[in-house]
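With our numbering, you'll find the sequence shown wraps up at 176, consecutive numbering, no jumps. C-beta: ideal position from N, C-alpha, C; glycine also.
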Amino acid sequence: IACLLLAGVACIDARPTTTDQPLLGDWNLNGRLDFGDVTGLFAGLGGPYRADCDMNANGRMDFADVVLLWGRL
Numbered sequence: 104i105a106c107l108l109l110a111g112v113a114c115i116d117a118r119p120t121t122t123d124q125p126l127l128g129d130w131n132l133n134g135r136l137d138f139g140d141v142t143g144l145f146a147g148l149g150g151p152y153r154a155d156c157d158m159n160a161n162g163r164m165d166f167a168d169v170v171l172l173w174g175r176l
C-alpha cells in the first residue's frame with residue numbers, strides 16, 4: 104500500500120503543465136505541486152498576497168490555504 108501511495112505522489116509530482124495557465128498553488132513556480140509549495144506557502148503567510156495560492160478563494164492567504172494545498176499533493 105505504501106508503494107502505491109508513493110507511486111501516486113510521484114505521478115502527481117511529474118505531471119506536465121502548460122505555461123499559458125498558472126498552476127493553482129505552485130508557490131515556487133516549478134510547474135508542479137510538491138512539498139516545497141506547502142512549506143513556501145506556510146512561510147509566506149503574512150507576506151504579499153498571491154491569488155494563485157489563495158486555495159479557498161477568501162481573499163487572503165491563511166493556514167486554511169496551507170491545509171488545502173497539502174491535500175492536493
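In this structure, how does DSSP classify residue i when only helix, strand and coil are distinguished?
{"i": "GLY130", "result": "According to the sequence displayed, residue 130 carries Trp and not Gly. If DSSP states are grouped into helix, strand and coil, TRP130 belongs with coil."}
{"i": "ARG153", "result": "coil"}
{"i": "GLY147", "result": "coil"}
{"i": "TRP140", "result": "Note that residue 140 corresponds to Asp in the displayed sequence, not to Trp. Residue state, collapsed to three classes: helix."}
Please tell me whether residue i and residue j are closer than 8 Å, where the distance is taken between their beta carbons.
{"i": "LEU136", "j": "ARG163", "result": "no"}
{"i": "MET158", "j": "LEU172", "result": "yes"}
{"i": "GLY156", "j": "GLY128", "result": "Rather than Gly, the amino acid found at residue 156 in this sequence is Cys. Yes, the Cβ-Cβ distance between CYS156 and GLY128 is below 8 Å."}
{"i": "GLY143", "j": "TRP130", "result": "yes"}
So residue i is in the alpha helix (DSSP H); what residue range does that whole segment cover?
{"i": "ASP168", "result": "166-175"}
Taking the alpha carbon of residue i as the point to measure from, which residue in the options has its own alpha carbon closest?
{"i": "TYR152", "options": "ASP168, GLY139, PHE138", "result": "ASP168"}
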